[in-house]
Amino acid sequence: MYSPDQTKALQKLTTGLMEKNSQGHITDKDIESLRDALRFHEHRYYILNDPLIADFEYDQLYKALEKLETENPALRTPDSPTQRVAKELTKEFPTVSHLVPMLSLDNSYNADDLVDFDRRARELAKVDVLEYCVEPKFDGASISLIFEKDMLARGATRGNGVQGDDITTNIKQIRSIPLSAAISKYGLEQLEIRGEVLMTKQNFKKYNDQLAEQNLPPLANPRNAAAGTLRIKDPKEVSKRNLEAFLYHVSHYTQLPGKDVDPILNTHSGCLTMLWELGFRSPLKEKKVLNGIEAVIAYCHEFEQQRDDLPYEIDGMVIKVNDIHLHDVLGMTTHHPRWAIAYKFKARQATSKLRAVEFQVGRTGSVTPVAKIDPVPIGGVTVGSISLFNEEVIKDKDLMIGDTVLVERAGDVIPYIVKSLPELRTGNEQKIVFPTHCPVCGDKLEKPEEEAVWRCSNINCEAQVVERIIHFTSKDAMDIRGLGEANIRKFFALGFLKDVPGIYELPFDNIGTLEGFGKKSITNLQTAIENSKAQPIHRLIYALGIRYVGETTAKTLAHSVKHLLDLKDYSLEELQNLEDIGPKVAGSVHQFFQNPDNIATLQKLEQLGLKLKNDKKDLVTGGNLSGQTFLFTGTLPTLKRSDAEAMVETNGGKILSSVSANLTYLVAGEEAGSKLEKAKKITSIKIITEAEFLSLIHH
Ligand code: IVH
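Be aware that the sequence shown starts at 330, since it is given in this note's numbering, and climbs by one per residue.
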């Protein structure tokens, strides 16, 4: 897309713009350069995954562009990077017709199916050997985009294949889809392309964690998450979910009058190259052009091995005849083209029998139904227990004991019951009865009206206490290795551990007499417990297991206090004034810190040696370099550049990549060159030595 020379030129342009911006010298004349620079950096970030400037620097330039466009709306263009943002909620998604129906693909499951496909295709094409383009089959939601006169004109869902929903505003939230593409360079006036919108496994996990924090059932797989997100009527929310898109098919185009269509469009692999050059993410690197079906089969097997290493889900490979002219010769059925076939990987679904439902009590007292099924292997793991989240899920899926159920386990995702198969019922199935009393302590269960979860409100309920201890020690909380779930349950049952402070008073003499606890494992455990006392307070806040307080909220809370117990002096309103804390979270935090038992526990933990004071160095935000920016130049006398930069970041400062008025400190070592010269001209920048830098850190 961008040649090395263009890259260099755009990087130079960026540095110039940053400098001008910091001096307040940006004018209307820079508007197109600003847009070019921002588009270039979006491509580096979202397509190549290799940014050349810091997020903060991108934001500065973006803001400068936004300001210019607000001051002079006539200069705004529809493909400006600012035009992705939509403030209005979408009322409805109008139905639109695809230029060419979006067909499905025929499926194959083994090498024999592919050999058959190849034979049929060769017969129809009347050739001995066919050239194929083989690429991943992305497991997301399919979309169709239309570009007209180099501009994104429309984005639509597949719908029924003939008509879909116009979701253009949501499509614009996907930063790897460019808002304009120079199709005229290829002799095209209009272009319709197809692709798949995905949510990466990482973003999917993040999203499900957020749902879990709110006690909502998670989504089954990234495909559902992507499809669901495309239908959200709030574009801002869509933007937050960080969807990505691969474009893999040219379905229709019209020629620019008086221009020839580029011959690159004669092959499918050429189309992928064109899409990449136009700035889309196409499977250019993932695809392979191969002669004959044997090579195709080998590549499919090879790719299947990498399936779990990819950042997104794929459910197979797609094999396409590479010569586009043969597509017409081969034609299509009403359902699928005869020039392409999907090769599906081993399914991550299986059927099994639902034998029982158990009810587990969590650390906040929530009672979760857990399905016990006949163990089945899915994607290399045997699945026997599956969370059903809440009563609603049981009702929605119409589950009964004895039912045959369809189970899915996508990638790293927890297993999930997709549905029951009521047509297989024998009449002996039994209703699932939700308990009215806590299965552990016997207290009556309660369910606040607005919630989906039944709760045991006895905070001394043994199940809750054990779960709280397990959460407290977990990896993202206090990270006490060696005190895993099994040991906690064992120590609790033996009376060695009764509550969270008890972790720091474990009777090691008694533990030493237990089987499996040698000297070494005891020393390791003691060290892990001892080390946890110095964990930063945001971890401790998270470890307390306050309802709705995940890691992000814990950091926000930690950031706002000098001592953890200061939180008891916060009013509901003050809590709500903190970043990203809404009434629900504030209510829960307030309730927690107004409870004298909780305060007593925290005081006890402090007496036992845990750190409750906010040692500001723990927090990236709010460190003693917070709000300050740094740039290193020349050779530093003792520090490695990367270590020095890491020190800045762990202390809350930011690293800039070039000299501008946004820079607070330039740390200059030996043989500092042009950056130092530049910095000398901007009076607000403080030029310091390594020694002075170190004294700032240790201040
Ligand atoms: S080509 C006319 N290529 O799989 C053929 N489809 O099961 C157009 N899919 O509806 C489709 N990755 O949503 C093609 N590399 C790929 C694909 C792909 C995923 C989806 C697509 C299609 C479905 C068929």
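Cβ coordinates follow ideal geometry from the N, Cα and C atoms, glycine included. A quick note: this is a predicted structure, and the numbers were derived from the prediction, not measured.
Check whether the Cβ of residue i lies closer than 6 Å to any heavy atom of the ligand IVH, and answer yes or no.
| i | result |
| --- | --- |
| Ala-555 | no |
| Ala-574 | no |
| Lys-1004 | no |
| Val-647 | yes |
| Lys-614 | no |
| Glu-796 | no |
| Lys-466 | yes |
| Ser-473 | no |
| Ala-671 | yes |
| Leu-520 | no |
| Leu-639 | no |
| Leu-432 | yes |
| Glu-633 | no |
| Pro-777 | no |
| Pro-666 | yes |
| Tyr-374 | no |
| Tyr-577 | yes |
| Glu-525 | yes |
Assuming residue i is part of the alpha helix (DSSP H), what are its boundary residues?
| i | result |
| --- | --- |
| Gln-389 | 384 to 400 |
| Lys-530 | 530 to 542 |
| Lys-1015 | Here Lys-1015 belongs to no alpha helix (DSSP H); instead the beta strand (DSSP E) covers 1015 to 1017. |
| Ile-626 | 622 to 635 |
| Phe-446 | 440 to 454 |
| Thr-558 | 551 to 559 |
| Phe-821 | 814 to 822 |
| Lys-724 | 720 to 725 |
| Glu-687 | Where Glu-687 is concerned, there is no enclosing alpha helix (DSSP H), although the beta strand (DSSP E) it sits in stretches over 678 to 690. |
| Leu-960 | Not the alpha helix (DSSP H): Leu-960 falls in the beta strand (DSSP E), residues 958 to 962. |
| Pro-704 | It is not in any alpha helix (DSSP H) - Pro-704 instead sits in the beta strand (DSSP E) that spans 696 to 707. |
| Thr-733 | Not the alpha helix (DSSP H): Thr-733 falls in the beta strand (DSSP E), residues 733 to 737. |
| Lys-675 | No alpha helix (DSSP H) holds Lys-675; DSSP gives it neither H nor E. |
| Met-347 | 333 to 351 |
| Leu-305 | The structure shown does not extend to residue 305, since the chain is modelled only from 330 to 1028, so the question has no answer here. |
| Gln-793 | 791 to 802 |
| Glu-642 | Taken as a continuous stretch (DSSP letters only), Glu-642 belongs to no alpha helix (DSSP H), as it is neither H nor E. |
| Ile-500 | 497 to 500 |
| Val-977 | 970 to 979 |
| Leu-601 | 597 to 606 |
| Val-590 | From DSSP, Val-590 is part of no alpha helix (DSSP H); its letter is neither H nor E. |
| Glu-566 | 564 to 569 |
Provide the residue(s) that pair with residue i in DSSP beta bridges, ordered along the chain.
| i | result |
| --- | --- |
| Val-650 | Tyr-461 |
| Leu-517 | Gln-584 |
| Met-480 | Glu-477 and Ser-509 |
| Ser-714 | Lys-701 |
| His-892 | Lys-942 |
| Ser-426 | Gln-492 |
| Gly-524 | Ile-472 and Leu-576 |
| Thr-486 | Ile-472 |
| His-766 | Lys-773 |
| Leu-1032 | Residue 1032 lies beyond the stretch modelled for the chain, which goes from 330 to 1028, so this question has no answer here. |
| Ala-669 | Lys-649 |
| Gln-759 | Ile-730 |
| Ser-786 | Answer by DSSP bridge pairing: none, since Ser-786 is not bridged. |
| Phe-609 | Its beta-bridge partners do not exist; DSSP assigns none. |
| Lys-983 | Thr-958 |
| Met-661 | Pro-666 |
| Phe-467 | Ile-643 |
If you follow the beta strand (DSSP E) that residue i is in, where does it begin and where does it stop?
| i | result |
| --- | --- |
| Tyr-745 | 745 to 749 |
| Gln-492 | 492 to 494 |
Run through the stretch 992 to 1027 for me and flag every whole beta strand (DSSP E) of 3 or more residues, listed as ranges in chain order.
994 to 997 and 1015 to 1017
Unbroken alpha helix (DSSP H) runs of length 4 or more, entirely within the stretch 900 to 925: which are they?
901 to 905 and 912 to 923
Write down every uninterrupted run of the alpha helix (DSSP H) in the stretch 837 to 870 whose length is 4 residues or greater and which is fully enclosed by it, in chain order.
Complete alpha helix (DSSP H) runs here, min 4: 837 to 840 and 848 to 861.
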